[in-house]
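Here the structure comes first, spelled out in structure tokens, and everything after it is commentary.
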Amino acid sequence: GRNGAGKSTLLKILSRITEPTHGRAVMRGRVSSLLEVGTGFHPELTGRENIYMNGTILGMKKKEIDRKFDEIVDFSGVEKFLDTPTKRYSSGMQVRLAFAVAAHLEPEILIIDEVLAVGDADFQKKCLGKMQDVAKGGRTVLFVSHNLAAVENLCSRVVTLSHGVLSFDGSPADGVREYLSDDAEITGFRDLTVIKQGRTGLGDIRFKSVHLESLGGERVAFIRMGDGFRIGMRLQAHQSVSGVVIAIAVFNENGIRICGLNSSHTSRWTLSQRTGHEGMWFCVIQQVNLGPGTYRLNLQLKSSIGNVVFDSIQNAFSFRVEYADIFGTGCTAFGSNIVFFQPNWAAE
């Protein structure tokens, strides 16, 4: 489901963190859940102590945890920091250890929210492999993600939510099609002030809205292959800031990251803004080399020094790229191509 559809709320109900306003959830078996960075960890305890605390909460005996301990540490890759309080861990380290604990302590039901977005590609691959192992062992994995390729590869059943209501329940392939067919949000403009779910950061400066426009400044909901466009982002500062970087990650329909755009990497450009002020900032793309399809953007504002995140929004915006005869050949064979080049051909 989209941001705000009710996914995280449902997982909190199933994890017995939140009471349902009405109705009930029936769970059969020991539940382990990983809902957000640091979930289930006491920040003052070390990594080692948190492993044993989580196992105890799951009802495991010390001998059982001892048997799994080395596997957990090896999987998480935080061996050097085991005796450091987890409050000093980076978000990536916390996620690696939390996932390792949740997946290796043998719950009958493993609930995973989209925390894997924090990890790197290799770690995400390890996590998906481990979830497949858990599922093949006859246990249940309940997995929430916008990574549609992962959903299709991992799941045998897909449920989609819309405004807190079940909108689909069936096969992964049909569920992904249902999800992608809901293009109501692809309008060329989005108010970002209403987004709460899937949003993190200190909030010193935040995205207020985002829109797509042509190089001539006309608002558009889609662009044609080979055209240029601008991504306009309205920002509001709640504290005076300087040295702020805008980062944009582009994903295709299957949730695969296509590229990343970073204002300091491509032009050493950063922004400054005073408390209470708003500003409009643009990312200008002179020519889009993307194939036809729908693309989604993650947006982030962070400091150029220290990597402090002020605002981070997953699936903040969507736009569509339409076919165009850019080569003048009438060729339409771009079906599964994500990007294209414009080569010259020669014989010598």
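Residue numbering for the sequence shown follows my numbering, starting at 49 and increasing by one per position.
Note that beta-carbon positions come from the ideal geometry of N, C-alpha and C, so glycine has one too.
Reference residue i, options the options, closest by Cα
i    : options                   : result
I306 : P133, L58 and N346        : N346
G376 : G54, C331, M273 and V298  : M273
E226 : L209, I157, V242 and D170 : L209
T342 : Q334, G95 and V387        : V387
G303 : G264, R278, R344 and G339 : R344
N300 : A285, Q245, V224 and Q284 : V224
D373 : E154, E266, S352 and P340 : P340
A151 : E127, H90, L83 and L130   : L83
S204 : G186, G54, R316 and K55   : G186
T314 : D170, E326 and V293       : V293
F389 : L349, N337, K110 and G52  : N337
R247 : W329, F129 and E162       : E162
T57  : V182, K116, E92 and H211  : H211
Reduced DSSP category for residue i - H, G, I as helix; E, B as strand; rest coil
i    : result
N102 : helix
T248 : strand
F171 : helix
M141 : helix
A232 : Any reading at A232 must be qualified, since the residue scores a pLDDT of 46, below 50, and its modelled position is unreliable; no value is offered.
V192 : coil
D275 : coil
I65  : coil
Q284 : strand
P340 : coil
R76  : coil
T94  : strand
V182 : helix
M270 : In the sequence under discussion, the amino acid at residue 270 is Phe, which differs from the Met named in the question. In this structure, F270 counts as strand in the three-state DSSP scheme.
L345 : strand
F388 : coil
First through last residue of the beta strand (DSSP E) which encompasses residue i
i    : result
V369 : V357 to E370
S81  : V79 to L82
I157 : I157 to I160
Q321 : L319 to Q321
D217 : V213 to G218
L209 : V206 to S210
G327 : E326 to I333
Sub-9 Å separation of residue i and residue j beta-carbons
i    : j    : result
G125 : E112 : no
L145 : I105 : no
V289 : Q321 : yes
A73  : I61  : yes
H286 : T323 : yes
L283 : A297 : no
R238 : F365 : yes
S80  : V149 : yes
Beta-bridge pairing of residue i - partner residues as DSSP gives them
i    : result
S21  : As shown, the chain starts at 49 and ends at 396. That puts residue 21 outside it, with no answer to give.
G308 : A297
D239 : S257
S262 : F277
First through last residue of the alpha helix (DSSP H) which encompasses residue i
i    : result
I113 : K110 to S124
CB contact below 9 Å: residue i versus chain C
i    : result
V143 : No chain C appears in the structure shown, which is made up of a single protein chain.
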